[in-house]
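Step one of this worksheet: look at the structure below.
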Amino acid sequence: MGLFRRIETITPLLFIPFIIYVVIAVLAGGSHMDETPAIAGSLNSTLFSVPMVSGVSWRMSVGDSLLLLSLILLSVEIIKSTSSRSSAMINHMASMGVLLACIILFILFANFATATFFLLTVMALMDVMVGVIVSIVSARRDFGVGDGFASN
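Taking the working numbering, the leading residue of the sequence shown gets 10, the next gets one more, and so forth.
Right under this line is the structure:
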């Protein structure tokens with residue numbers, strides 16, 4: 010139980026939608042001739058639709074649900090970043106690794122050059138930035154660092 014809890018604490022939660030996207034991208038295959046990534050069809054496929062009172066159907070696609078999952082996990086990750094334990098620092102480094110992987114894949118591979126993956130990359134960036142900022146603020150509070158002004 011202790012090892013699983015430690016792995017859960019140091020693993021960035023945005024790694025989950027990242028891996029899901031990678032699996033979808035690999036299963037989608039190569040790119041089409043018209044310069045749209047092959048993954049576009051997979052991301053745009055409808056998971057479910059709900060008829061609305063207005064007469065239209067609201068549809069949730071695979072890409073939309075992946076972004077929803079990512080937003081939920083980003084919220085949890087921000088809450089996790091308030092911890093000042095040493096595992097939080099490892100989590101920040103691992104989050105930086107996820108961000109770096111996202112940037113490299115976005116730039117180099119056609120199936121990752123989508124709006125869905127771009128937004129996932131932005132969420133990874135937000136995770137890193139918020140984690141670092143929260144860590145700095147909590148460290149300043151722990152050490153009692155003031156504003157730098159001497160009171161005379």
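No residue lacks a Cβ here, since even glycine has one placed at the ideal position from N, Cα and C. None of the values given here were measured: they were computed from a predicted structure.
For residue i, I'd like the list of residues in its chain whose CB is within less than 6 angstroms of its CB, leaving aside the five on either flank, ordered along the chain.
{"i": "F118", "result": "none"}
{"i": "H101", "result": "G140"}
{"i": "A133", "result": "L23, V107, L108 and C111"}
{"i": "V137", "result": "S104, M105 and L108"}
{"i": "S96", "result": "T18 and I19"}
{"i": "N161", "result": "The predicted model places N161 with a pLDDT of 49, which falls under 50 and marks its position as unreliable, so this point remains unresolved."}
Quick check on residue i - is its C-beta less than 9 angstroms from some C-beta in chain B?
{"i": "N120", "result": "The chain inventory of the structure shown lacks chain B, comprising one protein chain alone."}
When the Cα atoms are used, what is the spatial distance from residue i to residue j?
{"i": "A122", "j": "I112", "result": "10 angstroms"}
{"i": "L76", "j": "L129", "result": "7 angstroms"}
{"i": "L83", "j": "G64", "result": "33 angstroms"}
{"i": "V31", "j": "F126", "result": "10 angstroms"}
{"i": "M10", "j": "S66", "result": "In this prediction, M10 has a pLDDT of 49, which is less than 50 and means its spatial position is unreliable; what the coordinates show is noted afterwards. Computed Cα separation, rounded: 45 angstroms."}
{"i": "P26", "j": "S79", "result": "6 angstroms"}
{"i": "I81", "j": "V131", "result": "14 angstroms"}
{"i": "I116", "j": "K89", "result": "29 angstroms"}
List the whole-angstrom C-beta distance separating residue i from residue j, where the pair is believed to meet the contact cut-off of C-beta under 8 angstroms.
{"i": "L22", "j": "V85", "result": "6 angstroms"}
Once the 5 residues before and after residue i are set aside, which same chain residues still bring their CB inside 8 angstroms of it?
{"i": "T91", "result": "V143 and S147"}
Can you list, in chain order, the residues of its chain whose CB lies under 7 angstroms from that of residue i, leaving out five sequence neighbours each side?
{"i": "S56", "result": "The amino acid occupying residue 56 in the given sequence is Leu; Ser does not appear at that position. Result list for L56: M69, S70, V71 and S74, in chain order."}
Is the region 49-62 touching the region 70-81 in the sense that three or more CB pairs, one from each, lie closer than 8 angstroms?
-> yes
May I have a chain-ordered list of the beta strand (DSSP E) segments no shorter than 3 residues that lie completely inside the region 95-142?
-> none
Segments of 3+ residues assigned as beta strand (DSSP E) that fall wholly inside the region 36-70 | 55-60 and 66-70
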